[in-house]
Amino acid sequence: MLLFWEHGYESTSLSQLKSRMGGISAPSFYAAFGSKETLFKEVVTRYIDTYGQALVSLWDETLSPKEAIELALRRSAKMQTEGSHPLGCLLVLSASVCSPEHIHIQKMLANAREQVRQGFVSCIQRAIDNGELAGESEPIVMATMFNSFLSGFSILAKDGVSLAVLESSITQIMKIWDIEASSY
Numbered sequence: 433m434l435l436f437w438e439h440g441y442e443s444t445s446l447s448q449l450k451s452r453m454g455g456i457s458a459p460s461f462y463a464a465f466g467s468k469e470t471l472f473k474e475v476v477t478r479y480i481d482t483y484g485q486a487l488v489s490l491w492d493e494t495l496s497p498k499e500a501i502e503l504a505l506r507r508s509a510k511m512q513t514e515g516s517h518p519l520g521c522l523l524v525l526s527a528s529v530c531s532p533e534h535i536h537i538q539k540m541l542a543n544a545r546e547q548v549r550q551g552f553v554s555c556i557q558r559a560i561d562n563g564e565l566a567g568e569s570e571p572i573v574m575a576t577m578f579n580s581f582l583s584g585f586s587i588l589a590k591d592g593v594s595l596a597v598l599e600s601s602i603t604q605i606m607k608i609w610d611i612e613a614s615s616y
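Taking our numbering, the leading residue of the sequence shown gets 433, the next gets one more, and so forth.
This is the structure we're talking about:
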């Protein structure tokens, strides 16, 4: 997982993968995984099931929508700046730009990121339905704003921006929620 996270899908070579797996032979690699692409798909699933859990609050209806979004942002910022693994988000960084023969990998990751955006949409719609946000609030627009902000963490974390700065920026963006709520 870490090689794909650090170098991206296309830049991670079979040689790197085999070396990281203890120097296994190419036939052993293909017997175990079928292909680099199959391994990458397994890595993405594992990433979502582990590191992606930072965002699970988006689907937790026991939290208020605002709490769910803020918690998802804070947990993701923490995860993306931890030094125990590559910085940033594998789903954002590993295939942002692909050659034409790997565009399907880029689309697979875009679909995974879309699920996160839909989590934001659901929270915001729930807030409108509960009367926490004005009925004129636009769930898709607000969700896109929060999701764009979240995606930006990947580049900022990779560039060395500290968790403290990301935390402060989360506090600032959540003020937009308060503005939307107060206009109600």
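The beta-carbon is built from N, C-alpha and C at its ideal position, and this holds for glycine as well.
{"Item": "For residue 513, the first and last residue of its enclosing alpha helix (DSSP H)", "Value": "497–513"}
{"Item": "Expected contact under 8 Å - CB spacing of residue 541 and residue 527 to nearest Å", "Value": "5 Å"}
{"Item": "Beta-carbon gap between residue 525 and residue 590 smaller than 8 Å", "Value": "yes"}
{"Item": "Any C-beta of chain C under 8 Å from that of residue 586", "Value": "No chain C appears in this structure, which consists of one protein chain only."}
{"Item": "Of the residues 507, 513, 533 and 440, the one placed nearest residue 593, counting alpha carbons only", "Value": "513"}
{"Item": "For residue 442, the three-state DSSP class (helix, strand or coil)", "Value": "coil"}
{"Item": "Straight-line Cα distance separating residue 448 from residue 557", "Value": "45 Å"}
{"Item": "Proximity of residue 582 and residue 612 at Cβ, strictly below 8 Å", "Value": "no"}
{"Item": "Buried versus exposed, by CB contacts within 10 Å (16 or more), residue 497", "Value": "buried"}
{"Item": "Which listed residue (511, 563, 507 and 597) has its alpha carbon closest to that of residue 609", "Value": "563"}
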